[in-house]
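Visitor: First the structure, then my questions, so here it is.
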């Protein structure tokens, strides 16, 4: 019995030891698995930066190479989402009050960035502010000189684009006076197959506001644009009315098409349904043959909207370190060189001219001697911007309602 | 007595979670919104928000009487109801009767019902393109008939009507399906008896079908009316209330006050107006449900 019980004890000890080894082994495996998972997830989470920008379609395709180069250089992956600024303006305040942010790097209006500095990372010591062209960072600086956003690339809104081949085949040339401009429109209208002289892009309304600002700047001067932004003049002033009446004259003559979704009408214009198309410089990256493009400003124009894309890093970004690396890259010569090479952009840092496509070099020449200005509706923003776009859509089809439209715009200006 | 108290206690344990949710997510926001509508920009209790909203041309625009659209979002909503409600109800009833006991009727009904199934945001985008000059199906039909087409949503006189008729297309599936279900509940013996008595099909429709579909009609009318009072997504995506506010509606104006102007007091006033209107609209349905229960 004693021998059996000793044997049993021996077995019990053996099994207990084995059990201990097995349990130890399982414990170690669990520890290893957890460690691997933690490392893996940390690696996955920490090496990704999320970006929100306003571009989709062809414009987004032109931005992604920049992010790809950033990823290749730093090993930090990225995700990109498209979000319109006017939608972000609704979403971000609530997110910020919950101390959250939808992305690490967000492209947004400058007035939003400077109005929300308590939720935005101070970038004064992060980016090289001296590398920027003079004035590029002014709209994202506070009065004490701190910088809360980066200026990425800019686009100018130079004027009316046309296809060189279209003009050559119909014996047309760019006008140098207002009368020549009207005569040109009249001639285009008579070309068989052409629906209207000027294509009118639509969407939420910004393409129409770009045209309108060009008229305000040409016939009211750059000072008018600045006064309207600052609220120093009313929409019913003589200067505004004079400029708007030039536009209304053309609308009443039927030279402009009905407002149509701007990328749809871009294709139609390219195919010869329309002669001219007022659009920003980004059009050069959206057509099949940018070398066939040319542009002219309204005769007498002394100013041009220089629309910079601004971005910021929210304080509540989950991968802040990665986001800061990205903004450094986006504000560098290297990052912006890749972007300008796609066409349709102007760098805000010292990028060499050799990086620009030929047509963008021509645009750069157009900006010589003219004053660069902020975009009117982006600068004022809020309800007024929505009202501005809405009233322009009305004027485009009912130009006789100009008085009502100007009255509404005056009433909705921020006090 | 003790048993009743115990029963009540047990009853309240079961009902308490639902009641709590109701209080937190329905009653509290509702009363808070009503309270907010009386708080002005200085933080004082006053009627200034109501004065500002009801005197605003975004809500009521008397200039419309002289020159046409816009008339203000309140009038636009009333126009929406006046056109959309009878059209959707009648077309839905007509389709339900037409497709009853017809081969392939189920498939056709499913296709018509797709409008209800798709998100209204998608519906709004489709409406925008349907009425577009160059690519729109509406203009294609008009041109086939020898009429000139245009971008209907771009003009103040036609923008609201384009949205309304587009929404009839989206919403008709709802009334059609309800009426289809209602028609199945009418016993065939009524029609057989009427046939024996020599009643025409039209008389059977008037004297049998329509009266017996009254409860369904109340539901269709009420639900459609409630939807029309709150319509937002179609307008937001198709026209954003434009051009020049000519297709603006109350729900969109509430959004613009709240999230573009950042004036939540005025936004709350419009919310109160919409809530009061929907409560008024729901009374007939509640009354009808009460009558049925009795």
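Chains as they are written, first to last, in this note's numbering: chain F, 2 to 416; chain V, 917 to 1210.
Heads up, the beta-carbon is just placed ideally off N, CA and C, and yes, glycines get one too.
Keep in mind it's a predicted model, so treat the numbers as computed, not measured.
Are the CB atoms of residue 397 of chain F and residue 187 of chain F nearer to each other than 9 Å?
Guide: no
Visitor: Considering only the alpha carbon of each residue, which of F:58, F:177, F:51 lies closest to residue 286 of chain F?
Guide: F:58
Visitor: Who pairs with residue 315 of chain F in a beta bridge, going by DSSP?
Guide: F:121
Visitor: Compute the Euclidean distance between the alpha carbons of residue 355 of chain F and residue 202 of chain F, then round it to the nearest angstrom.
Guide: Taking the straight line joining both Cα atoms gives about 32 Å.
Visitor: Taking buried to mean at least 16 other C-beta atoms within 10 Å of its own C-beta, is residue 1299 of chain V buried or exposed?
Guide: Missing from the structure shown is residue 1299 of chain V; chain V here goes from 917 to 1210 and no further.
Visitor: Can you name the residues of chain V whose CB is closer than 8 Å to the CB of residue 383 of chain F?
Guide: 1176, 1177, 1178
Visitor: Can you tell me the Cβ-Cβ gap for residue 237 of chain F and residue 411 of chain F, rounded? I've got them flagged as a contact below 8 Å.
Guide: 6 Å
Visitor: With a Cβ-Cβ cutoff of 9 Å, do residue 311 of chain F and residue 114 of chain F count as a contact?
Guide: yes
Visitor: Nearest chain F C-beta to residue 944 of chain V closer than 9 Å, yes or no?
Guide: no
Visitor: Below 9 Å on C-beta distance, what does residue 34 of chain F contact in chain V?
Guide: Here the premise fails: no neighbours, minimum Cβ distance about 38 Å.
Visitor: Taking C-beta pairs closer than 8 Å, name the residues in chain F that residue 1049 of chain V reaches, listed in chain order.
Guide: 259, 261
Visitor: What residue ranges within the region 89 to 157 of chain F form continuous beta strand (DSSP E) runs of no fewer than 3 residues, ordered along the chain?
Guide: 106 to 108, 151 to 157
Visitor: When you compare only the Cα positions, how much space is there between residue 999 of chain V and residue 1141 of chain V?
Guide: 11 Å
Visitor: Under a Cβ-count criterion, where at least 16 other Cβ atoms within 10 Å of its own Cβ denotes burial, should residue 1143 of chain V be classed as buried or exposed?
Guide: buried
Visitor: Of the choices F:124, F:100, F:159, F:277, whose alpha-carbon is the least far from that of residue 185 of chain F?
Guide: F:277
Visitor: What are the residues that DSSP puts in a beta bridge with residue 82 of chain F?
Guide: F:53
Visitor: Can you give the Cα-Cα distance for residue 145 of chain F and residue 1158 of chain V, rounded to whole angstroms?
Guide: 41 Å
Visitor: Within the continuous alpha helix (DSSP H) that includes residue 1044 of chain V, where are the two ends?
Guide: Run containing residue 1044 of chain V: 1036 to 1046, per the alpha helix (DSSP H) assignment.
Visitor: So which residues on chain F does residue 1070 of chain V lean against when the C-beta distance must stay under 9 Å?
Guide: In chain order: 203, 259, 260, 261, 394, 397, 398.
Visitor: Return the residue from the list F:394, F:242, F:331 that minimises the CA-CA distance to residue 205 of chain F.
Guide: Measuring from the Cα of residue 205 of chain F, the nearest candidate turns out to be F:394.
Visitor: So which residues of chain V does residue 404 of chain F contact, with C-beta pairs closer than 7 Å?
Guide: Those within 7 Å of residue 404 of chain F in chain V number zero; the least Cβ separation is about 10 Å.
Visitor: If you compare alpha carbons, which of F:216, F:270, F:297 is closest to residue 288 of chain F?
Guide: F:270
Visitor: Which term fits residue 208 of chain F, buried or exposed, when burial requires 16 or more other beta carbons within 10 angstroms of its beta carbon?
Guide: buried
Visitor: Taking DSSP's pairing of strands, which residues face residue 955 of chain V in a bridge?
Guide: V:961
Visitor: In whole angstroms, what separates the C-alpha of residue 363 of chain F from that of residue 142 of chain F?
Guide: Inter-residue distance for residue 363 of chain F and residue 142 of chain F is about 31 Å (C-alpha atoms, whole angstroms).
Visitor: Using the three-state DSSP reduction, which class does residue 164 of chain F fall into: helix, strand or coil?
Guide: strand
Visitor: With H, G and I counted as helix, E and B as strand and the rest as coil, what does DSSP make of residue 234 of chain F?
Guide: coil
Visitor: Are the region 220 to 228 of chain F and the region 360 to 374 of chain F touching, with three or more C-beta to C-beta distances below 8 Å?
Guide: Result yes; three or more Cβ-Cβ pairs closer than 8 Å.
Visitor: So, does the CB of residue 269 of chain F fall closer than 9 Å to a CB anywhere in chain V?
Guide: Interface criterion met: the Cβ of residue 269 of chain F is under 9 Å from a Cβ in chain V.
Visitor: Would you call residue 1018 of chain V buried or exposed, if buried means 16 or more other Cβ atoms sit within 10 Å of its Cβ?
Guide: exposed
Visitor: Output the boundary residues of the alpha helix (DSSP H) element that contains residue 253 of chain F.
Guide: 239 to 253
Visitor: Can you pull out the residues from the region 1158 to 1170 of chain V whose beta carbon lies closer than 8 Å to at least one beta carbon of chain F?
Guide: 1158, 1159, 1160, 1161, 1162
Visitor: How would you call residue 920 of chain V, buried or exposed, if buried means at least 16 neighbouring beta carbons within 10 angstroms?
Guide: By the neighbour-count criterion, in which a residue is buried when 16 or more other Cβ atoms sit within 10 angstroms of its Cβ, residue 920 of chain V is exposed.
Visitor: Rounding to the nearest angstrom, what Cα-Cα distance links residue 54 of chain F and residue 322 of chain F in this structure?
Guide: 19 Å
Visitor: State buried or exposed for residue 1002 of chain V, treating a residue as buried only when at least 16 other CB atoms are found within 10 Å of its CB.
Guide: exposed
Visitor: Using the Cα positions of residue 1181 of chain V and residue 216 of chain F, report the straight-line distance between them to the nearest angstrom.
Guide: 37 Å
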